[in-house]
Each structure stands twice: as C-alpha cells, then as structure tokens.
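Asks: Before we start, here is the structure in question, set down as structure tokens.
Protein chains in written order, with this note's numbering: chain A, 92 to 474; chain B, 92 to 474.
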C-alpha cells in the first residue's frame, strides 16, 4: 500500500466471514465495515458538512464523471482539490466514471483504447481512457481512486461479458501504470457478470497486479439480490484478506448485512439520499412512507432513540414538510436515512467485535419484516 | 402588556430616532431592533433549526394563512403548537392572514363581517373573520398574534383606502375582544395607504384601544422606498414609545436601516431566503450574483470574516452548486443571507448603544454602493 495507507484486520466473526477492520488514509481512518454516502457532484444532496458529519459518516464518495463534466476537474484542483472544494476533511473515494458511462452517457463506443461517449449534460463528445480517468482523479485529489472498468448490462452474451472483463483487467493495469500521486491509492474492480468462474479469473489477474484494495463492480444493475450475493460469496474469499474489499453501488440495508456476512468492508449507495428525497425513511421496523395520511397527527419521531436532526421532529411535521413541498423535508429524511445507515454499520461492527454478527443480522432482518426493500431504487454510484 | 411580556426601551440614538430595546415574551427575549426570518409553512426555507439558530435569529414569523390551509391549525395544535411543531423554542410571531388574502387568495370579497376568498391551493371557499384569525393564531400558539386587517393595493381611490382603514380599526377591536389566551400578545396594524393624516387617525384609534405592540402594515406593496419611509417617518412617533413597533414585510438591508433610523424595532421579510434560493448573496460590498462566471475559480468566501456555513466554502464551490442544481446551493445562500441580516441588526444595535447609528448607517450604505437593491424582490410576509 502507498505510504499513509494501511488496512488493519482486527477480527473475523466466527459464525460468518464478517470482518472488523480499520482503513487508514492520508485524510484519516475509516472503521470497517463502513458505508460511504454518495456525493456525486461534490455534495451529499441536501446535507451541509455539519449535517453530513453528524450522520457518523467517515468516508464519502465523489463521482469522477460528474465532476469532470461540471465544474471540471481543473476547477476543483484550482480550488484546492475535492476535500477543500466540498469542505470534507475526511477520506474521499472517487469512482472512475466507468459506471456512469454505462448508465448515463449517450452514444457510447468502447474500444481497447478508450470509451467514447456524449455527455448527458450537453452532448459534448468525450474520450475517456484509463490514463485520463486516473489523471482526473489525481486532479480531484481523492484518497482512493478507482480504475476505469468496462461495465456491461446484465444479462448479456457470455462473450461480451468476457471481452469487457478482460478489457477491464488490461485497463486496470494501464491505470496502475498511469498513477503519479503518492498520496492516492488505486482500487481495482473485479468484473465478470454473474459467472463466478470468470469473476475468479478476473480477481486472480487483478490480485497479481497488486492493488491496495479491491472492489466488486458491475452488480446492482438489475440482477436479483440472490444472484448478487452468489457472486459476492464466490469472489470475496479470492481477494487478499489484508486489503479492503468494496462492493460498489450496494445497497439496501439488508444488502449491506449480506455483504458484510460475506466479507465486504466498504459500501456506497444512493438509496438513503434518493429515498429520503422521495419521502421514504428507514427504521428498524422497516420503511416509513412519510407522506402516508396515517402520519398526519403522529407525534412520534421516525425512530425512537434516534438522535438525528429529523428525529427531533414529529412524523406529523415531517409529513407536512413533504405535503407542502418544503426543501426541509428531503433534507431531513436524507439526513435520517444516512444516520440510519451509519447506525446500522456501527451495530454491525460492534456485533463482529462481540462475535455475534449472525445473530445481529437475524435480529435486524426480523425487525424490518417484509417492507424493507419494497421501495428500493436500483443502486448505482451517482446521486 | 399581558403577563410574561415586556418591552424595555434601553436607549434612543441622539442623532436619529433609532431605538435599542429588549422585547420579552413567554418564549424568551428579543434584542431590538430585530429581524425575524419568515417561516411561512412552519419552516424557514431550507434551514434546519440548528442552521436557523446559527444565523443569530431570536424570533421567527409564521403565516396563519398558509398554516391554516396546510396542515391546518388543528394539526399544529395536536402536535403541540407551532413552537414544538417546527422545533423552534424561541419567540414566534404569526401574521393574521390579511396580507395573504390580499396577495395570494382568489375571488376575494370583503364585507364588514369577514373576508371571503378561495384558497390558492385547492380553490376551497374560506371565510376569515377577525375572530377566526385570532382563533387560528391561538391554536398555533404564537407569542405574538397580529390582528386581521384589510389590505388594499396602492395606489387606490382615497375612499377605498379610508374604508379599508376604518374597517381595519373595527376589526382590530374585534380581535382584541376575541382574544382568550393569556400567553399571547396581539399587535395592531396601522393602515392608511400613503396618506399620513389618515395613517395618524388610524394610529390614534388603535393606540386608544391599548395594544401591547403596533405594526405599520400595507407597505412594501409597490410604492417607492421614499414613499414608504415618508409614511414610517410620519407614523412611528405617534406610536407609544414604550411598546414595540413592527414594520411588516420590510425589507432590503437599506430599508432596515432607514426603518431603524425612524424608530422601528421589528422587521420581517422573505428577501434573504428568496434571494438566497435564486443565487443572490448579500455582502457589505453589495449583492454577489453567485452564478456569474467571474466566480467560477474564486477561492474567496462570500464575505471575509463571516462565520456562517456558506462562508466555509469558496464562491467557486457555491457557484458550482447552483450551476449543478444542487439543493445545497439555496440552503447555503439562504443561510448566509439570514446570517448577514442578523449581523446587520447586531451592528445597528451596537451602533445605537454607542450613539453612532447615523454614522453606522452611512458607512454601511457606502459599502453597498449602488448594487444593494438591484435584485430586491417585493417583500410580503410569506415565503
């Protein structure tokens, strides 16, 4: 690992593969398993830095694709880099843009040299090579940069998946070669669709290249949660035990627990903020749809015992904010959901320390009942 | 004054009529001159309670018209009253709905008994008597309730203005008769258009009725700042020196100083939040239009030395938030503007204490130059 980075694996749960660790970066440490809120455009939507810090988050994600289009990485660099730009002094991970090229851009053409596409903002033609993806992330100055990968839709023809996977390995190597900043760690991304054998092949080649961390990518793109977890279960053990493992763009609270159970250390997802903006609040008893008429006179907070800024108010007040189209509604529900996700991760970490992760996960799931995933939007690391 | 209320006049500036005072309510005190942020629908737009408190505001305004339509005053009452509903533990003033009937409602008919109109939300037919305006405000539980007045457009026929003014006095008396809560103070509203003699007639009759505070209403509805100040200058001295004086719906920073100079103690206006949402930031050097390309790479805060949450960021970052349509832009600029208004009022209070208000006002105006009012929206006590 580059100087200033380390990953300490403190404990592995005896009833599962759940890991308790600590990931150190030049901008501070992250207790793992950890959830990273998504700050697509240099802001976690609707959260001031004080609110964001108040959720308990230690590391946030920024989107290379969005920031390079607007305001442009040179602007961010001129204004002191992404940390200073957004006012977040803790660790930041940036994705490479590969997922956004797949999910947002128009007229995408991918060849061995690069991805060529048109901006979703103004149609500008853009060429993104692995080298450029790293140069952008170095200009942004994130602590962790993700390699550029070739993401394909699932399901897909096996030969297309193999081609994209093999290209992703070659691009990962080009990223590693292109890296110049000593204070930035590159994480590789395991691709391979829903084919565990192909995933393991990809993982082996990437591990051979010696990255400081590894992600599992190309998931949460329409496959079932069971299929996703089959891949995680197959791939995670093939990744180095002494390095952080990141499941990209995942997910619902239950997905986090299932990922942790299989040995994942880092997660990110837009769900807490996107669902918060739309009036869905996570609680230990499942999702509260705050616009429901039943809450009009409800004096209870979203979650008893939650100390977040939203839970100082009644459900009735929060519902009113949504019915009256007041900004404060989305602000507060996003804040609550982010706080909920951080509390869930803190609970998971404590459970691993106490060697009772499986019980913890079962208790949480029982509380959520059947409602937990009902409104789950698809993940994807942009918000 | 009702028990729990008092107004202490601490000092009057020797070079002007500017007054330094303290208004005490059952929910705490307000140092005057004071500016009240507008929380139309039970929230000052985009501000959590912590952010709002952070601006230095001591007293906020709520809108009877809006809150009675949605969520309904019974809902607010059931959820503990407006203080608990919105989580603001300091003093709250509610307007009576008179201005909104004039400015927002449709198909308004006003006779001696009541105002009849259709809701701007769903067209529902609503009858608002003075008694009902007080009953709503008692259900909301504000510290200060405003009497229902009959507001007319300016310019207007003298006989129409006189009729509305005389009706406003009779309605003020009915409000006083209707009041039941011992912990709520009613402020009367001086009407009379741009006719100082008629205004003074109105003021005299209202003073005769013995209210705990007096407002000057029906201004900031299209007349020039000079005309408005001519009225304030004429009316303020006719109001009891020992009671608070409130200039409703005013205004721009320069209007606040001109109002203070003429003996006004309380103000409210939507400008800091409305202009903040639209990307206009108040500073001692005038208005900063943050979307201007000139700020793209500007590393300076909006205002040097301002400790607000916006001023921890660069102008370049704030501009990016607006260009990227991020909620955090309006949140932060509204917060800065509210903080700016509170700092201006604190400066005015200090200047009065030091008997140098006129110098203070001149220095501030010189800093603002010609730009200060350029983007001023019309006031009006709803946001």
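We treat Cβ as the ideally placed atom computed from N, Cα and C, and that holds for glycine.
1) Should residue 426 of chain A go down as buried or exposed, given a rule of 16 or more other Cβ atoms within 10 Å for buried?
2) Interface residues of chain A around residue 134 of chain B at Cβ under 7 Å?
3) Between the C-alpha atoms of residue 420 of chain A and residue 370 of chain A, what's the straight-line distance to the nearest angstrom?
4) So is residue 162 of chain B buried or exposed if we call it buried at 16+ other beta carbons inside 10 Å?
5) Measure from the alpha carbon of residue 244 of chain B to the alpha carbon of each residue in B:233, B:435, B:293, B:285, then state which is nearest.
6) Is residue 381 of chain A helix, strand or coil by DSSP?
7) Considering only residues of the same chain and omitting the five flanking positions on each side of residue 407 of chain B, which have a CB-CB separation below 8 Å?
8) Looking at the C-beta of residue 326 of chain A, does it have a partner C-beta in chain B at a distance below 8 Å?
9) Straight-line CA distance for residue 196 of chain B to residue 208 of chain B?
10) Give me the chain B residues within the contact set of residue 178 of chain A, using Cβ-Cβ distance strictly less than 7 Å, ordered along the chain.
11) Excluding five sequence neighbours on each side, which residues of the same chain lie with their C-beta closer than 6 Å to the C-beta of residue 223 of chain B?
12) Using the Cβ count rule (16 or more neighbours within 10 Å means buried), how would you classify residue 96 of chain B?
13) Can residue 484 of chain B and residue 377 of chain B be called in contact, C-beta distance under 8 Å?
14) What does a CB cutoff of less than 6 Å around residue 324 of chain B pick up in its chain, not counting 5 residues either side in sequence?
15) Is the beta carbon of residue 327 of chain B less than 8 Å from the beta carbon of residue 295 of chain B?
16) Scan the region 256–342 of chain B and note each continuous alpha helix (DSSP H) run of 4 residues or more that stays entirely inside, going in chain order.
17) Starting from the Cα of residue 392 of chain B, find the closest Cα among B:418, B:138, B:423, B:414 and give me that residue.
18) Identify, in the order they occur along the chain, each residue of the same chain with its Cβ nearer than 7 Å to the Cβ of residue 273 of chain A, setting aside the five sequence neighbours on each side.
19) Tell me which residue opens and which closes the alpha helix (DSSP H) that residue 109 of chain B is part of.
20) Just verifying my parser: in three-state terms, what is the DSSP assignment at residue 388 of chain A?
21) For residue 94 of chain A, report the span of its alpha helix (DSSP H) as first-last.
22) Are the region 125–135 of chain B and the region 356–364 of chain B touching by the rule of at least three beta carbon pairs closer than 8 Å?
23) Straight-line CA distance for residue 365 of chain B to residue 373 of chain B?
24) Taking only beta-carbon positions, decide if residue 235 of chain B is within less than 8 Å of chain A.
25) Interface residues of chain A around residue 408 of chain B at Cβ under 8 Å?
26) Taking the continuous alpha helix (DSSP H) assigned at residue 127 of chain B, which residues delimit it?
27) Can you pull the chain B neighbours of residue 144 of chain A, defined as C-beta to C-beta under 8 Å?
28) I want to see whether chain B comes within less than 8 Å of residue 166 of chain A, judged by CB atoms only; does it?
29) Report yes or no: do three or more beta-carbon pairs, one from the region 176–183 of chain A and one from the region 103–118 of chain B, lie closer than 8 Å?
30) Which residues, in chain order, does the region 186–208 of chain A contribute to contact with chain B at a C-beta distance below 9 Å?
31) Give me the Cα-Cα distance between residue 476 of chain A and residue 292 of chain A, rounded to the nearest whole angstrom.
32) For the region 152–166 of chain B, which residues have a beta carbon sitting closer than 7 Å to at least one beta carbon of chain A?
33) Per DSSP, what kind of secondary structure is residue 395 of chain B in: helix, strand or coil?
34) From which residue to which residue does the beta strand (DSSP E) around residue 60 of chain B run?
35) Quick check on residue 388 of chain B - is its C-beta less than 8 Å from some C-beta in chain A?
36) Just the chain A side, please: which residues come within less than 9 Å of residue 364 of chain B by C-beta, in chain order?
Replies: Let me lay it out:
1) buried
2) 412, 417, 419
3) 8 Å
4) buried
5) B:285
6) When secondary structure is reduced to three states using DSSP, residue 381 of chain A falls in the coil class, being assigned neither helix nor strand.
7) For residue 407 of chain B, where only same-chain residues beyond five positions count, the Cβ hits under 8 Å are 386, 387, 388, 389, 390.
8) no
9) 6 Å
10) 403, 404
11) none
12) Burial of residue 96 of chain B is indicated by the presence of at least 16 other C-beta atoms within 10 angstroms of its C-beta.
13) This structure does not reach residue 484 of chain B, given that chain B is present from 92 up to 474, and the question cannot be answered.
14) 353
15) no
16) 287–300, 316–326
17) B:423
18) 93, 94
19) Careful: residue 109 of chain B lies outside any alpha helix (DSSP H) and carries neither H nor E.
20) Correct three-state label for residue 388 of chain A: coil.
21) No alpha helix (DSSP H) contains residue 94 of chain A, which DSSP labels as neither H nor E.
22) Contact annotation: the region 125–135 of chain B touches the region 356–364 of chain B, with at least three C-beta pairs closer than 8 Å.
23) 12 Å
24) no
25) 133, 170, 176, 177, 178
26) No alpha helix (DSSP H) holds residue 127 of chain B; the beta strand (DSSP E) holding it covers 125–127.
27) The premise fails here: residue 144 of chain A is roughly 12 Å from chain B at the closest Cβ pair, so nothing lies under 8 Å.
28) yes
29) no
30) The region 186–208 of chain A vs chain B, Cβ under 9 Å: nothing.
31) The structure shown does not extend to residue 476 of chain A, since chain A spans only 92 to 474, so no value can be given for it.
32) 161, 162, 166
33) coil
34) Past the edges of chain B, shown from 92 to 474, lies residue 60 of chain B, and the structure says nothing about it.
35) Taking Cβ atoms only, chain A reaches closer than 8 Å to residue 388 of chain B, which makes this a yes.
36) In chain order: nothing, as chain A lies at least about 10 Å away.
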